[in-house]
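Residue numbering for the sequence shown follows our numbering, beginning at 6 and increasing consecutively. Read through the structure below, which is laid out as structure tokens, and then see the notes.
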Amino acid sequence: MPPTLEDGGWRIFGLESWITPLRADIASALVDRHDVLGWIVDRLAPVTAVEELGPAIESTPLDRARDALVQVDAVESVDAVSVALAALGKLSSDELSRLRQAEPFRSALKVTDDVAETGLPASWIEWLARAAEPSFALALDVARRGKDEWPIELGAGDPIAVQGLVAALDQAQGNEIAAERTAQALPFIVAWLQRDPAFPRSAMIPIYASLLTLFALGPARGVSTYESSQILVSALLTTGLSPKAYQAVIADVVELAGQGFGVDMVYWVLEITEEFMRASTPDADARASFLHSVLARVAPIYGRLTSLQRAAVARLAQELGWTLQSFGISTNVAKADEISTRLDGLRIAIYSLTESSSRQAKAAIEEIAPTAFVDCNADHGGTARLRALAENADIFVVAWLSAKHAATEFIREHRAHRPLLYAQGRGFSSILRAIEDYLAHDRRGSLLS
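In structure tokens form, the structure reads like this:
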């Protein structure tokens, strides 16, 4: 039965079982749904009686088409659409007409009809080639599904395949419709790249760089833009760049940040800064100039930052050997705010194999909330100490990019329903951001009760 079926749908299947008692599959599925069937229950034959009537009726092409269309409606999958098209191709015109007269089949058929006219792309290169077509109205839906289904491993390191995708991205920019659709699909392409078991790989640098530039040149500045661009920056810095390519990455980041960024962008800026500090550089002067300019642009909004953000900025400046005063930043700002108040008295656990990041996050938290107790852990498996932290901490943060899978699963197993947060990056800014985001959304103050 469809996984999204609600009470009304179960009653329809109940009527179907009453009318067609030989459908043992439906009768069996209804056994645990008598509570929603109402008076229909009294009209149904017992399952044992249905089974004694003889073998179950084999599903017809129409039944299989219905099932396939329900999957199209319930599951976002390119494969589901392909299966539905194959099933619909075996129906007569009368059977198709019957399907079009009832929901949920009517809505699902609109999707399959659109796809049947033009066919489905099977790769990003095919998708980009189709992006300029006005009739390709399902472009974004196909991209959303394709990111999880189109293969990535085959040819991922092949220079011809890499250049083919870069060329397709470039060509799409020459058409207004294709360029707009591509801009909307960029986060999906990044998510697809992350499925590569060897991500990030040096052979894919041209693709990473091309996507980062498209993010920088595009108008979108939402959450998905910043998160995807951070993934690309990290990938490029990790794989190693020439001085020219390194400077191009800096230019793209500056463009993404804009002339004057706001408070909501501070953690992204700090996380990007940490990425540059952590990676080796082919141009030390370019990096120093970039990092100095970043902190200088934080200065005008420093007074509006939360206590946790201010602590993060101060620690980054200290790590670079600079003082906040050298940027014209006055540290004479009230330290207490809602974040620091809510952190006071909490026991916080941090799991990360990048121990320097854990220590910096611990210091930042304890600076603004002296009564908070912060434990850092980097055990590679399920130890007694890790279990104690998982069971007793008020908040547990896992830096999942810098964590052992076995330890992460162990923590999840022993956290039950208590808060378990995942930092998106390896640096201490990501850890602080995960905590602040959680506290900002958990306005009920349940941690303090």
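Beta carbons: idealized from backbone N, C-alpha and C, even for Gly.
Buried or exposed: where does residue i fall if 16 or more other Cβ atoms within 10 Å of its Cβ makes it buried?
i: Arg309; result: exposed
i: Trp129; result: buried
i: Gly179; result: exposed
i: Ser215; result: buried
i: Glu280; result: buried
i: Gly227; result: exposed
i: Glu343; result: exposed
i: Ser361; result: exposed
i: Ile236; result: buried
i: Asn382; result: buried
i: Thr336; result: exposed
i: Arg320; result: buried
i: Thr328; result: exposed
i: Arg48; result: exposed
i: Thr359; result: buried
i: Ile31; result: buried
i: Ile455; result: Outside the shown range of the chain (6 to 454) lies residue 455, about which nothing can therefore be said.
i: Ala369; result: buried
i: Ser407; result: buried
i: Leu58; result: The pLDDT assigned to Leu58 is 45, lower than 50, so where the model puts this residue is not dependable; a value taken from the coordinates is nonetheless given after this. Exposed is the call here.
I need the DSSP call for residue i, collapsed to helix, strand or coil.
i: Phe18; result: helix
i: Phe332; result: helix
i: Leu42; result: helix
i: Asn397; result: helix
i: Phe220; result: helix
i: Ser312; result: helix
i: Arg300; result: The sequence given here has Leu at residue 300, not Arg. Helix.
i: Arg352; result: strand
i: Leu406; result: helix
i: Asp342; result: coil
i: Asp288; result: coil
i: Asp380; result: strand
i: Ala203; result: coil
i: Ala136; result: coil
i: Leu426; result: strand
i: Ser435; result: helix
i: His446; result: helix
i: Trp273; result: helix
i: Ser363; result: helix
i: Leu49; result: coil
i: Ser97; result: coil
i: Gln178; result: coil
i: Glu441; result: helix
i: Gly387; result: coil
i: Ala54; result: In this predicted model, Ala54 has a pLDDT of only 48, less than 50, meaning its place in the structure is not dependable enough to derive any value.
i: Gln235; result: helix
Just checking: is the beta-carbon of residue i within a distance shorter than 8 Å of some beta-carbon in chain D?
i: Gly267; result: Considering every chain present, this structure includes no chain D. It has just one protein chain.
Less than 8 Å separating the beta-carbons of residue i and residue j?
i: Ala177; j: Leu133; result: yes
i: Ala2; j: Phe401; result: The structure shown has nothing for residue 2, since the chain only spans 6 to 454.
i: Ala208; j: Val167; result: yes
i: Tyr356; j: Ile440; result: no
i: Arg186; j: Ala127; result: no
i: Leu170; j: Val147; result: no
i: Glu372; j: Val379; result: no
i: Pro287; j: Thr244; result: no
i: Ala221; j: Leu261; result: yes
i: Gln252; j: Ala291; result: yes
i: Leu241; j: Val254; result: yes
i: Ile436; j: Ala398; result: no
i: Pro66; j: Leu104; result: no
i: Ala50; j: Ala73; result: no
i: Ser434; j: Tyr272; result: yes
i: Leu174; j: Leu246; result: no
Identify which residue in the options has its Cα closest to the Cα of residue i.
i: Gly386; options: Gln365, Leu394 and Ala412; result: Ala412
i: Trp197; options: Ile212, Ser207 and Ala439; result: Ile212
i: Val41; options: Leu101, Ala50, Gly19 and Pro51; result: Gly19
i: Tyr231; options: Arg292, Glu11, Ala445 and Leu217; result: Leu217
i: Ala289; options: Ala319, Ser140, Val318 and Lys249; result: Lys249
i: Leu366; options: Arg438, Val299 and Ala256; result: According to the sequence provided, residue 366 is Ala. The question's Leu does not apply to it. Ranking the options by Cα distance to Ala366, first place goes to Arg438.
i: Glu11; options: Ala341, Ile24, His419 and Leu35; result: Leu35
i: Arg200; options: Glu158, Ala240, Ile210 and Ile182; result: Glu158
i: Pro139; options: Ala183, Ile31, His297 and Ala374; result: Ala183
i: Asp37; options: Thr25, Leu406, Glu21 and Trp15; result: Trp15
i: Arg390; options: Ile24, Pro156, Ala354 and Met270; result: Ala354
i: Ala445; options: Gly94, Leu174 and Asp269; result: Asp269
i: Phe295; options: Ala203, Ala256, Ser233 and Ala92; result: Ala256
i: Gly223; options: Ala421, Ser33, Gly263 and Arg71; result: Gly263
Practice prompt. Assess, as a yes-or-no matter, whether the region 305-320 is touched by the region 340-349 under the definition of 3 or more beta carbon pairs within less than 8 Å.
Written response: yes
Practice prompt. Taking 8 Å as the threshold, find out whether the region 187-194 comes into contact with the region 147-155 through three or more Cβ pairs.
Written response: yes
Worksheet item: Taking contact to mean at least 3 C-beta pairs separated by less than 8 Å, is the region 418-433 in contact with the region 268-279?
Response: yes
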